[in-house]
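What follows is one structure encoded as structure tokens, with my remarks underneath.
Residue numbers (the working numbering), protein chains in the order written: chain A, 322 to 590; chain B, 644 to 793.
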């Protein structure tokens, strides 16, 4: 058999290859558009997690224990009914020392009925027996070195570049290792999805330029939220950490929380 | 001279190795999510998925866009730190579409914060209900200007 190799055929082939090369980016754009159409999630566009570094400050001397934060969090994030909280308020009651004992204080009672969502029942200790009593708001401590991330066997939980510790629900297998590992008790297994759940720093709000629901709703300004990478000169965050002596919870664990507290007592864990 | 020929067992080993590596590479491209590694050792698209929830609370700024007059009043009095939705309830639907009637939260809102409780900070104004005058808070206090009477 004799192969025919003429000019017409070669040009046609060259043209086809060129057309193919030119069509490639068009096809890619089309594919991206189609994917975008089907996976469009309503997520805010233009949010770059590497451009932010969030910080939460909590002023325990200002918390009035109304529990609006816990209630707002449940509503905002559709947290399952029952004893599941992404943020909650604890009441500390420290009693007076027994007469004659060489102690500075007596027992410490801590309670958080329904996460403080509906306020607190009457004090179980008569008022003249109370040495000190106060409320402490709690939530995920946004650790710089999160133990929950370290123990996850499937890599479903991670620390985003903006400081939020998040869970990829599609990959969580619900083993609850992270629930045990969190020293702050900030995680739980959702009875609905059977995956781990925690404070997302209201990621759907912060990426839209809104404050987290608990910060937004706090009537006493006990919760302050801000972006360390985009600090304004009159930022409440700056004012807070410049004018308060702050501390973190369980510093000995080396978790490096991004949640700063002011006015904590040594009894608070 | 005899031509060099690869021994058949070596050829089989090479083919087997290529097969295993090839299968691994194909499986990897199929199994690893597209956005994996965008920010770190996790699926980058998860961030967007988590962010795709619809907010429930509109935020004080959104309220002030239309209700600036009330906001100005509020700012001059003790309740200036309050968010509108703390008392009026979450109303993002209303903020986005003014035709939606805002939800209202029924009473006992004042006492949620102001009922006397030894755990509350001392600077915070509290009342013992049975020692306080009247039945209704709003008979004597304007909610937006609590130190003024209607």
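Beta carbons: idealized from backbone N, C-alpha and C, even for Gly. Computed from a predicted structure; not experimentally measured.
Contact check, residue i vs residue j, beta carbons under 8 Å
| i | j | result |
| --- | --- | --- |
| residue 503 (chain A) | residue 474 (chain A) | no |
| residue 373 (chain A) | residue 551 (chain A) | yes |
| residue 520 (chain A) | residue 460 (chain A) | yes |
| residue 512 (chain A) | residue 403 (chain A) | yes |
| residue 558 (chain A) | residue 376 (chain A) | yes |
| residue 370 (chain A) | residue 682 (chain B) | yes |
| residue 700 (chain B) | residue 537 (chain A) | yes |
| residue 390 (chain A) | residue 535 (chain A) | yes |
| residue 386 (chain A) | residue 740 (chain B) | no |
| residue 476 (chain A) | residue 684 (chain B) | yes |
| residue 577 (chain A) | residue 465 (chain A) | yes |
| residue 586 (chain A) | residue 453 (chain A) | yes |
| residue 789 (chain B) | residue 526 (chain A) | no |
| residue 541 (chain A) | residue 383 (chain A) | yes |
| residue 499 (chain A) | residue 514 (chain A) | no |
| residue 381 (chain A) | residue 506 (chain A) | no |
| residue 398 (chain A) | residue 580 (chain A) | no |
| residue 775 (chain B) | residue 768 (chain B) | no |
Chain B within 8 Å of residue i, Cβ atoms only
| i | result |
| --- | --- |
| residue 482 (chain A) | yes |
| residue 586 (chain A) | no |
| residue 405 (chain A) | no |
| residue 376 (chain A) | no |
| residue 489 (chain A) | yes |
| residue 370 (chain A) | yes |
| residue 561 (chain A) | no |
| residue 494 (chain A) | no |
| residue 441 (chain A) | yes |
| residue 412 (chain A) | yes |
| residue 469 (chain A) | no |
| residue 479 (chain A) | yes |
| residue 521 (chain A) | yes |
| residue 582 (chain A) | no |
Residues that residue i bridges to, as DSSP identifies them
| i | result |
| --- | --- |
| residue 582 (chain A) | A:379, A:568 |
| residue 517 (chain A) | A:510 |
| residue 574 (chain A) | According to DSSP, residue 574 (chain A) bridges with nothing at all. |
| residue 429 (chain A) | A:415 |
| residue 693 (chain B) | In DSSP, residue 693 (chain B) forms no bridge with anything. |
| residue 548 (chain A) | A:375 |
| residue 454 (chain A) | A:414 |
| residue 409 (chain A) | A:459 |
| residue 488 (chain A) | A:478 |
| residue 538 (chain A) | Paired residue(s): none; residue 538 (chain A) is not in a bridge. |
| residue 770 (chain B) | B:758 |
| residue 679 (chain B) | B:686 |
Residue-chain proximity (residue i, chain A), Cβ-Cβ < 8 Å
| i | result |
| --- | --- |
| residue 678 (chain B) | no |
| residue 700 (chain B) | yes |
| residue 693 (chain B) | yes |
| residue 729 (chain B) | yes |
| residue 674 (chain B) | no |
| residue 785 (chain B) | no |
| residue 707 (chain B) | no |
| residue 667 (chain B) | no |
| residue 599 (chain B) | Lying outside 644 to 793, the shown extent of chain B, residue 599 (chain B) is not represented and no answer is given. |
| residue 686 (chain B) | yes |
| residue 790 (chain B) | no |
| residue 683 (chain B) | yes |
| residue 725 (chain B) | yes |
| residue 670 (chain B) | no |
| residue 738 (chain B) | no |
| residue 711 (chain B) | no |
| residue 690 (chain B) | yes |
| residue 612 (chain B) | Residue 612 (chain B) is absent from the structure shown; chain B starts at 644 and stops at 793. |
| residue 696 (chain B) | yes |
Proximity test, residue i beta-carbon vs the ligand NAP heavy atom, cut-off 7 Å
| i | result |
| --- | --- |
| residue 349 (chain A) | Although the ligand NAP was asked about, the structure shown includes no ligands whatsoever. |
- Task: Count the CB pairs spanning the region 678–696 of chain B and the region 708–724 of chain B that are closer than 8 Å, and state whether there are at least three.
- Result: no
- Query: Is it true that the region 415–429 of chain A meets the region 723–734 of chain B, where meeting means three or more beta-carbon pairs spaced less than 8 Å apart?
  - Reply: no
- Message: If the cut-off is 9 Å on Cβ atoms, which residues from the region 757–771 of chain B count as contacting chain A, listed in chain order?
- Response: 757, 758, 760, 761, 762, 763, 764, 766, 767, 769
- Item | Residues of the region 526–548 of chain A whose Cβ lies closer than 8 Å to any Cβ of chain B, in chain order | 526, 528, 529, 531, 532, 534, 537, 538, 539, 540, 541, 542
- Query: Just checking, does the region 410–418 of chain A make contact with the region 430–445 of chain A on the three C-beta pairs under 8 Å criterion?
  - Reply: yes
- Listed from N- to C-terminal order along the chain, which residues in the region 448–467 of chain A have their beta-carbon within a distance smaller than 7 Å of any beta-carbon of chain B? 448, 451, 454, 455, 456
- Closer than 7 Å, Cβ to Cβ, to anything on chain B: give me those residues from the region 379–409 of chain A, in chain order. 382, 383, 385, 386, 387, 389, 393, 396, 397
- Closer than 7 Å, Cβ to any Cβ of chain A: which residues of the region 650–667 of chain B, in chain order? none
- Query: At a Cβ cut of 9 Å, what residues of the region 337–348 of chain A count as close to chain B, listed as they run along the chain?
  - Reply: none
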